[in-house]
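In mature numbering (1 follows the signal peptide of the UniProt record, and there is no 0), the protein residues as written are -21 to -1, 1 to 184. Ideal placement from N, C-alpha and C gives every residue a C-beta, glycine not left out. The structure appears right after this line, and notes come after that.
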Amino acid sequence: MQFRVSGKWALAAAVITLLSACTVVDLDSSGKPVIPADPNAAPSFVQQTPQQVAESLWSARLLPAAEQQALAWPALLAKRDGLTGADSISVFGRFNGTVASVDNDGRERKMRLTVNGEEVVIQLGPIVKGNALRDAAGFIRFEDFKNQVQFAQAARALNKKALEQMPPIDASWQGKEVAVLAAFTLRAQTLGEAVPLKISEEARP
């Protein structure tokens, strides 16, 4: 004996089969689907304060990147000397030098080093110019921020975070040998003023 299934029941069975194969999606309070975050998506800093951006990046990503990417002194000069016209690039550099002077007057304090006969200016703040630290990292992108203002604020917060890591530096450092890890914005024939990530006194032999 054969049984004939009506079109209505066949359609209902097909719908049930289709629904059973679908993944259940949670809904928010407005009834809209809740889309889980993509684990491979780029980080977004839109909802973070500049201080939160600096704190989240400093130890986890920025310092490791600086340690790995830092150019030694000859490579740093070669990178600078390869620039022409208005070209510029932000990089990390690592070198040793002798402290020629420390200027602690005002809010743009600076330490001047002599490195193989060249002068290097290290900014000690609290006012730090430029975005070298933010831009040298390579992974802090404008599109991950709300707008240009937040992007600039993140650069200032990173500069401030860097200065918080510095030891007290005064005139007593003059003549000392120091090891430096810093960020530069290089231009043709110009090293620019560095933002330090680490400064330590080198032990004399």
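Through-space distance from residue j to residue i, alpha-carbon basis
i           : j           : result
residue 172 : residue 163 : 7 Å
residue 180 : residue 158 : 6 Å
residue 161 : residue 39  : 17 Å
residue 69  : residue 165 : 6 Å
residue 149 : residue 78  : 11 Å
residue 17  : residue 23  : Caution is warranted here: a pLDDT of 42 is assigned to residue 17, below 50, making its placement in the model unreliable, and no coordinate value can be reported.
residue 129 : residue 107 : 17 Å
residue 32  : residue 176 : 17 Å
residue 186 : residue 151 : Only positions -21 to 184 of the chain appear in this structure, which leaves residue 186 out of reach.
residue 85  : residue 41  : 29 Å
residue 100 : residue 89  : 7 Å
residue 167 : residue 95  : 19 Å
Limits of the unbroken alpha helix (DSSP H) element including residue i
i           : result
residue 56  : 52 to 60
residue 67  : Unbroken run through residue 67 is the beta strand (DSSP E), 67 to 82; no alpha helix (DSSP H).
residue 46  : 42 to 48
residue 115 : 111 to 116
CB of residue i within 9 Å of CB of residue j, strictly
i           : j           : result
residue 72  : residue 92  : no
residue 83  : residue 156 : no
residue 189 : residue 142 : Here the chain comprises residues numbered -21 to 184, so residue 189 is not present and cannot be evaluated.
residue 87  : residue 170 : no
residue 44  : residue 117 : yes
Residue-level contact to chain D via CB, residue i, 9 Å cutoff
i           : result
residue 134 : Any reference to chain D falls outside this structure, which holds one protein chain only.
Residue i - containing beta strand (DSSP E), residue span
i           : result
residue 32  : No beta strand (DSSP E) contains residue 32, which is instead part of the alpha helix (DSSP H) from 29 to 36.
residue 102 : 97 to 105
residue 170 : No beta strand (DSSP E) holds residue 170; DSSP gives it neither H nor E.
residue 87  : 87 to 94
residue 176 : 174 to 180
* May I ask you to verify whether the segment 57 to 65 touches the segment 120 to 133, counting CB pairs closer than 8 Å and requiring at least 3? => no
* Counting pairs of Cβ atoms below 8 Å between the segment 134 to 148 and the segment 105 to 114, do you hit three or more? -> yes
* 4 or more residues per run - each alpha helix (DSSP H) lying fully within the segment 128 to 154 -> none
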